[in-house]
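Numbering of the sequence shown is given in this note's numbering, commencing with residue 98 and proceeding in unit increments.
Cβ atoms here follow ideal geometry from the backbone N, Cα and C, with glycine treated the same way.
Accompanying notes for the structure given below.
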Amino acid sequence: MRAWLDGHLLETPETPALGVLDHGFVVGDGVFETVKIEHDRPFALTRHLDRLQRSAEGLGIGAPDVDLVREGVAATLDGQDIPFGRLRITVTSGRGPLGSARGDGPQTVIVAAEAVERPPAVSRIVTVPWPRNERGALAGLKTTSYAENAIMVEHALARGASEAVMPNTRGELCEGTGSNIFYVLDGTLVTPTLDAGPLAGVTRALVLEWAMDELDAVEHDAPIDVLERADEVILVGTTRDVQAIEQVDDRTYPAPGPVTQKLQQIWAREAAKGIDP
Ligand SMILES: Cc1ncc(COP(=O)(O)O)c(C=O)c1O
C-alpha cells in the first residue's frame, strides 16, 4: 500500500497525516474515485477524473486541480509492482469547523494504491429494503458519505453474498453499493436509467457503448422484483468488470448465462485495446 497526500508521498501510509478538522473526516464532505490498476497502470483514468470533477462540482466544493491529482496518481504508482489492484483518489473540502458548514479550504487531495485479489468470476447478491434516494442532495455523486453503503454491504456479507442491491424511493431497481446492475429479460440486456438514481458507473457506460452494436441493450426502469423474472443477472463495476451473478436472495440463475458470456467476451476484447478508453 502506498499513499500520497497534498503533493507528498507518505513515508508509511499508516502514519497519521490528515488533520482532525478535515471536513471530509468530520462530516463526509468529500468525493472519491476507485480506479482499477492493471500492471501498475490505471484503467479508464480520464473517465474517472471527469466524474471526480462532476462529483466535486455537484457537492459544491469546487473542481479539484486535475493536474495535481494526475501527479499524485503517477507518484503513487511509480516503481510499484501491482499486477491487479485499486487506486483510491479522495478530494475533500479541507479543514473546516466541527459542524456541517464548510471552512474555506484548501481542498485535501489523497491518492492511495493497493494490490487486491481479482474478484471471483461468479458471485451472489442480496436485495436490501433500504432505498437509494434518487431525489436526494447527493444523488449521482460519488461522495465519501458512504456509511449507508457500509451498512448494506455488511448486511450482504453476513448473508454469504458479495453485494447488496437496493431499490430507489419509488421501489425501482437502482444499483449496488459499489456496482451497477444489468439483467437479461427475453434476450435483451437491461439496466436502470440514471433517472432511477444510480451512480453513472464508468463500467456501466463502457458496457453500454461496447455492447451497443452486438447486443440488444436498453436503459429501462422497472420494480426491483423484475429480478425474479430475469434470465440472467450481471454486476458491473471497477475491479468486478462484468461479473456473472448466480444467486439473488433465494433465486438462482445460470452464471455465466449466454448473454453474460457474450458481454464478457466483448468486454475482454475492447478493454484490451487501451488502458484509457
Ligand atoms: C454507488 C456506486 N454505484 C456504482 C458504482 C460502479 O461504478 P464504476 O463502474 O465507475 O466503478 C460504484 C463504484 O464504486 C458505486 O460506488
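With a cut-off of 7 Å, the C-beta of VAL223 is classified as distant from ligand 1, since no heavy atom of the ligand falls inside that distance. Between LEU102 and the set LEU165, VAL124, THR143 and GLU272, the nearest pair of CA atoms involves LEU165. Annotation note: the segment 276 to 335 contains the following uninterrupted alpha helix (DSSP H) runs of length 4 or greater, listed N- to C-terminal: 299 to 308. By the CB criterion at 8 Å, GLU260 and ALA293 fall outside the cutoff.
With 16 or more other Cβ atoms inside 10 Å of its own Cβ, VAL333 counts as buried.
Closest in C-alpha terms to MET249, from the list GLN150, ALA153, PRO264 and THR290, comes PRO264. LEU106 is bridged by DSSP to TRP101. Between the segment 222 to 232 and the segment 183 to 196, the count of Cβ pairs shorter than 8 Å is below three; the stretches do not touch. Remark: the shortest separation between the CB of SER152 and any heavy atom of ligand 1 does not fall under 7 Å. Under DSSP, ALA236 forms no beta bridge with any residue. For LEU296, the shortest separation between its Cβ and any heavy atom of ligand 1 lies below 7 Å.
For GLY169, the enclosing alpha helix (DSSP H) starts and ends at 163 to 174. VAL132 and LEU303 have their C-alpha atoms some 14 Å from each other.
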